[in-house]
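Numbering (the numbering used here), first residue to last: 349 to 1002.
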C-alpha cells in the first residue's frame, strides 16, 4: 500500500511539474494580450475610473504571473496545498483579464454581446475561486477528515446551481444586463450572486472554529475572506471601480508570504533531517572495497542506491573470527530518520550477538525480544542472517521475513533458494526461528537483496520482478561479485529508465573461493599492473609452503610478470576486467601448475613465432621475447579458449 501511495504521489508531482509551466504561459499570454488590446482600443472616451480599473487589472495580473513563476521555480513546496494555491492564482488571473476586457468593451454598443459573455464568465470564475479557496483552507488547516468530506461535498453540490445561474444571465438578466449602449448594469437581483459566497462564509467560520491550527495560521487564512469581504462592503453600491479581485490578490499574496514562509522553514528542517538520516544510514554500512584484501578464500561486494527518502535498508558483513564471516541483509518497515535510528539499533544488536558466538537462530531470537521490549513506534525489520564457515565450507542461516536468497552453484545458474521464513523482528516477542545450512564449494555465489530491486517499477507500472533479476544475475554469473552487482544495477536502470525510485536498492554478493581438501589455491582480482605484486606474493606463499627452490621461484616470478602484465595491458584495454590466478601442486614429480584466466579478447600468445635469438638486439623484431623466455624456463606451457575465457597454464617441476 505504501508503494502504491508513493507511486500516485510521484505521478501527481510529475503532473504538477507539467501544469505549472502551462499555467504560467497562459497567464503570461493573457497579460500580453490584455496590454496589446488595451492600447489598440485606446483610452479615448473612457472615464477615469475605467482607465484606472484597466491599469489595476494589468498590474494585478502581472503579480499573479510572477507568483506562478515563483511556484514553478520553488519545487520544495510541491504538495496538495501548493496546487490549490496555483489554481487560485490562475482563476484570479483569468478573472482580472475578464474584468479588464469588460472595461475595454464598456460603452461600445456593437460589442454588447461580447460584454455580456465576458461578464458571464467573470461571475462563473468568481464561484470557482470560492470553491478552490475552501479546498485550500481545508488542506491548510488541521481539520478532521469527516468535516472535510462533508464540507467539500457541500461546496461541490452548491457549485452546480451557482454556475448554472451564472450562464442564465446570457439569456435572462438575473444578476446583470448590458444595455443597448453596451454598458454593464447590475439587476435588482444582483445580491443573489453573492449567495454562494455567504454560504461559503458560514461554512468557513464553522470550519475555523473546529480547526486545530495555530491562531496565527487562522488569522492569515481568514484574511482571504476578510479583505475581499471588506472591499465588497465598500463597493456595494457601485461597480464603477471593480477592485474585488485586486483585493483577493492582496489576500493571496499575504498567504503566500506568511504561510509559505513557514513551510519553507519546515522544509529546510526536513531536508536537514533527511541529510542526517542519510549520513546515519551510510556510516553504518561497510563501504570500502575490497573489504578483506588479504583474504583469498572468499570475495564479497555490496551496494546500496538510496531512494529520495531516507530508507531503512541495510547490509552488513564482518569476520567473527578468521574462519567465520557473518552476513546480514535487512529492510526496516518505515522511512526517514526514525527508520535510520531503528536500523542502527537493529544492526548493533545483530552484530553484538553474532560476535558473542551465537548461532543465526539465537541471534534473531535475542535481537527480536530486545526490539519488542522497547518498540513504542511499532516498527519492524525483515532480516536474512547467515554465518559462513570458511574452513568447513558451509553457511548456517536464518530468515526473519526477508526476501529469498539467490544461490549459484559452481557449475549452475543463479536460482532462488526458497528457505523457511520466520516472523519479522519487532513484530512479536518470543518468536522462534529455524536455521538451515547451505553447502559451499569453490565458486559458490550467494546473492542477497531488498525488495527495492524486485519491486523497481517501469513507466508501464510493471515490476522488475524475480525473473528479470535472475536473468540479470546469470548474464555475468561467473564474474566477480562486484561485476555481478553492476550487471543487476544496469538491468534495473534500463528497465525503469527515468521513472522515480521509491525504495532503496540494496544488494550483496558473496563468492566462496576456499578449496576444502583440494590443494589448489586461487585469487581473483582486477587485471591491473598495480595488482602484479599481490599476484606474485600469492604465488610465492604457495611456493615457499612446499619448499620450492630460490631458482624456481625466481623463474616463476619472471613468468608471472610477463603473463599477468600482458593481461593487464591488453585483455580489456582500455577498460579493466577481472583475472583469476590459481596455483595447483602435483606429486611425482613435485611440480607447480599456475593458471591465468581472463575474459578479455581471445588471444593465444603461443601462436606468435619465437624470436630469432641468433640475431643481434638491433636486428630482432620488437616483441615476443617475454613469452619465449616463459616457454624456455617452464617445463610446460599451454593455452585454450573455453566458455569465453582465455586460459593459460604454466608448469614448473620443483
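Glycine residues also receive a C-beta, built at the ideal position from the N, C-alpha and C atoms.
{"Item": "Rounded separation between residue 673 and residue 938 - CA only", "Value": "34 Å"}
{"Item": "Alpha carbon of residue 539 to alpha carbon of residue 655, nearest angstrom", "Value": "55 Å"}
{"Item": "Buried versus exposed, by CB contacts within 10 Å (16 or more), residue 381", "Value": "exposed"}
{"Item": "Spatial distance of residue 850 from residue 517 (CA atoms)", "Value": "51 Å"}
{"Item": "Sequence-distant residues of its chain with Cβ nearer than 8 Å to residue 466 (five each side left out)", "Value": "446, 449, 450, 453"}
{"Item": "Cβ contact check for the stretch 767-776 and the stretch 800-810: 3 or more pairs under 8 Å", "Value": "no"}
{"Item": "Continuous alpha helix (DSSP H) stretch holding residue 917: start and end", "Value": "Element bounds for residue 917: n/a, residue is neither H nor E."}
{"Item": "Contact set for residue 714: own chain, Cβ-Cβ below 6 Å, skip 5 residues either direction", "Value": "701"}
{"Item": "Environment of residue 498 [buried if 16+ CB atoms lie within 10 Å]", "Value": "exposed"}
{"Item": "Minimum Cβ-Cβ distance from residue 389 to chain C less than 7 Å", "Value": "Given the protein chain composition of this structure (a single chain), no chain C is represented."}
{"Item": "In chain order, each alpha helix (DSSP H) run of at least 4 residues that lies wholly inside the stretch 891-940", "Value": "898-914"}
{"Item": "Distance cut-off 6 Å: residue 938 Cβ against heavy atoms of the ligand NAD", "Value": "Absence of the ligand NAD from the depicted structure is noted, as is the absence of any ligand whatsoever, leaving it without description."}
{"Item": "Under 7 Å between C-beta atoms of residue 872 and residue 828", "Value": "yes"}
{"Item": "Residue(s) in a DSSP beta bridge with residue 857", "Value": "649, 795"}
{"Item": "Given 8 Å, three or more beta-carbon pairs between the stretch 884-895 and the stretch 833-846", "Value": "no"}
{"Item": "Terminal residues of the alpha helix (DSSP H) in which residue 552 lies", "Value": "543-558"}
{"Item": "Inter-residue spacing [alpha-carbon to alpha-carbon] between residue 721 and residue 697", "Value": "13 Å"}
{"Item": "Beta-ladder partner(s) of residue 533, from DSSP", "Value": "525"}
{"Item": "Straight-line gap, residue 760 to residue 790 (C-alpha atoms, nearest Å)", "Value": "12 Å"}
{"Item": "Length of the line joining the Cα atoms of residue 509 and residue 528", "Value": "29 Å"}
{"Item": "Where residue 567 falls: helix, strand or coil (DSSP)", "Value": "helix"}
{"Item": "Under 7 Å between C-beta atoms of residue 408 and residue 594", "Value": "yes"}
{"Item": "Whole-number beta carbon distance between residue 375 and residue 474, since they are thought to touch under 8 Å", "Value": "Not really, about 18 Å apart at Cβ, beyond 8 Å."}
{"Item": "Opposing strand residues paired with residue 990 [DSSP bridges]", "Value": "993"}
{"Item": "Which listed residue (669, 680, 688) has its alpha carbon closest to that of residue 632", "Value": "688"}
{"Item": "Per-residue DSSP class, three states only, for residue 804", "Value": "coil"}
{"Item": "Cβ contact (3+ pairs, closer than 8 Å) linking the stretch 723-742 and the stretch 673-683", "Value": "yes"}
{"Item": "Anticipated Cβ contact below 8 Å, residue 646 with residue 821, distance rounded", "Value": "Actually they are not in contact, since the Cβ atoms of residue 646 and residue 821 sit about 18 Å apart, beyond 8 Å."}
{"Item": "Contact between the stretch 902-919 and the stretch 979-989 (3+ Cβ pairs under 8 Å)", "Value": "yes"}
{"Item": "Local Cβ density within 10 Å of residue 724, reported as buried at 16 or more and exposed below that", "Value": "exposed"}
{"Item": "Alpha helix (DSSP H) segments (min. 4 residues) lying fully within the stretch 690-773", "Value": "708-721"}
{"Item": "Reduced DSSP secondary structure (H/G/I, E/B, other) of residue 471", "Value": "helix"}
{"Item": "Element boundaries [alpha helix (DSSP H), containing residue 837]", "Value": "829-844"}
{"Item": "CB contact flag (residue 302, residue 752, <7 Å)", "Value": "The chain is shown only over 349 to 1002; residue 302 falls outside these bounds and no answer can be derived."}
{"Item": "Nearest to residue 750 (by Cα), restricted to the options 567, 402, 1002, 795", "Value": "795"}
{"Item": "Residue 852 vs residue 800 beta-carbon contact at 7 Å", "Value": "yes"}
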